[in-house]
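Contents: one structure, followed by commentary.
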Amino acid sequence: MLHDTHTYRPCRTVPVAPLSVLVLAIVLGCAPARAQLVPNLGGQRAGISAFQFLKIGVGARGVAMGESYVAVANDASSLFWNPAGMAQMTENQVFVAHTEYVTDIRHEYLGAVYHLTATDAVGLSLTSLHMQDMEITTETQPLGTGRYFSFGDVGIGLSYARAMTDQFSFGATVRYAEETLDMLKMRSFMVDLGTYYWTGLGTARFAVVITNFGADVKPEGTATQTDGGTVTDFQSFSLPTVFKLGFAFEPVMTDEHRLTTSIQLNHPNDNAENVRIGVEYAWQNTFFLRGGVKRTIGQRLLAADETSEESFMLGAGFRVATDVSTVSADYAYANFNLLGAVHRFSVTFSL
-19 MLHDTHTYRP CRTVPVAPLS VLVLAIVLGC APARAQLVPN LGGQRAGISA FQFLKIGVGA
41 RGVAMGESYV AVANDASSLF WNPAGMAQMT ENQVFVAHTE YVTDIRHEYL GAVYHLTATD
101 AVGLSLTSLH MQDMEITTET QPLGTGRYFS FGDVGIGLSY ARAMTDQFSF GATVRYAEET
161 LDMLKMRSFM VDLGTYYWTG LGTARFAVVI TNFGADVKPE GTATQTDGGT VTDFQSFSLP
221 TVFKLGFAFE PVMTDEHRLT TSIQLNHPND NAENVRIGVE YAWQNTFFLR GGVKRTIGQR
281 LLAADETSEE SFMLGAGFRV ATDVSTVSAD YAYANFNLLG AVHRFSVTFS L
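First residue of the sequence shown? That's -19 in this note's numbering, and the numbers climb one at a time after it.
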């Protein structure tokens, strides 16, 4: 991905105020459970929302940084992370991402960003989650009935971003999502809202984002029970809304080396609050190494998270200029403990 689309502010020294915020956030996020200020409500809230595929991280760069990316997003993957990030780039970009998710699930993402003016940008995104058809089993035929059913999700988003000043930009996405489970379907429209603010202290900036905000949904269609009866009325579910607060800055930035650090606090409506920390090292803005961790609020940073399968992320990438465009390719590895590893690949074309 192209990572120099925004002119970073000089950073001779690390600002004291942002450092204080960073340290405070780490302490709150990784303190022992008995001392936490935000209670872990994951057990009470789990399983109350639909369209879970909308929470799967998009793009190898953002995921490799522990998904601590809303305050970093300055490329076409900002269509997913923070729509305001489209105003942080100057090029038009096309972005393609593929994820080999757990249990043979595959996740695809296609996005494009076009600048109408120097301060206005629009974007279009397409998300797809799919897997092979699964055989139907029943209590009397646990080994399979010989019939199969399909499952899949799709989302289409239209985004707009505007840089209001040199320091502040905002963005919004309107998305249509559809989930298919055999004969049942769920459909919904939802909104993402994002902001991006440069503090003026070195390269320090923060972002506030809310994703997947909208009305409750319920399945439509007819389900046949094992006794031959049918069901046409189903429970409603909320959307997987997440409030995100992120902060990032560069403690090291020269012509040859750049080190980007980021921290992000997520407040989902269907799980426990969690903190994400990420880092990216860039050499001559050509080769990149990344790492990140996720910890549920109350879990220690330097220990296994006992409440989540997600653990740590690693990644790398490179950027090369061609006669037609600048091409960036990235890879990310995410450890899901008992569920195994998740591999992501993404490519960005800057036009």
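Cβ coordinates follow ideal geometry from the N, Cα and C atoms, glycine included.
Asked: Have a look at 87, 91 and 41 and flag the residue whose alpha-carbon is nearest the alpha-carbon of residue 63.; Found: 91
Asked: Touch check for the segment 30 to 48 and the segment 129 to 148: three-plus C-beta pairs under 8 Å?; Found: yes
Asked: Below 7 Å between beta carbons: does that hold for residue 44 and residue 320?; Found: no
Asked: Go ahead and pull the three-state DSSP assignment for residue 8.; Found: Because residue 8 carries a pLDDT of 43, less than 50, the predicted location of this residue cannot be relied on, and no value is offered for it.
Asked: Whose CA, out of 221, 61, 79 and 65, lies closest to the CA of residue 325?; Found: 79
Asked: Which residue's Cα is closest to the Cα of residue 47: 258, 187 and 287?; Found: 258
Asked: Which runs of the beta strand (DSSP E), 3 residues or longer, sit entirely within the segment 197 to 252?; Found: 222 to 233 and 237 to 248
Asked: Which first and last residues belong to the alpha helix (DSSP H) in which residue 280 is found?; Found: Per DSSP, residue 280 belongs to no alpha helix (DSSP H) and is neither H nor E.
Asked: Nearest to residue 317 by alpha carbon, out of 305, 311, 291 and 304?; Found: 291
Asked: What do you reckon, are the CB atoms on residue 197 and residue 166 nearer than 7 Å?; Found: yes
Asked: Near residue 332, what residues of its chain come up, given a Cβ to Cβ distance below 7 Å and the 5 sequence neighbours on each side ignored?; Found: No statement about residue 332 is possible, as the shown extent of the chain runs from -19 to 331 and does not include it.
Asked: Might you give, ordered along the chain, the residues of its own chain that have their beta carbon closer than 7 Å to the beta carbon of residue 140, omitting 5 neighbours on each side?; Found: 102, 151 and 152
Asked: With a threshold of 7 Å on Cβ separation, who are the neighbours of residue 340 within its own chain once the five nearest residues in sequence on each side are excluded?; Found: Limits of the chain in this structure are -19 at one end and 331 at the other, which puts residue 340 out of reach.
Asked: How would you label residue 244, buried or exposed, when you count the other beta carbons within 10 angstroms and need 16 or more for buried?; Found: buried
Asked: Specify the secondary structure class of residue 114 as computed by DSSP and reduced to three states.; Found: strand
Asked: Taking residue 185 as the reference, which of 307, 146 and 219 has the closest Cα?; Found: 146
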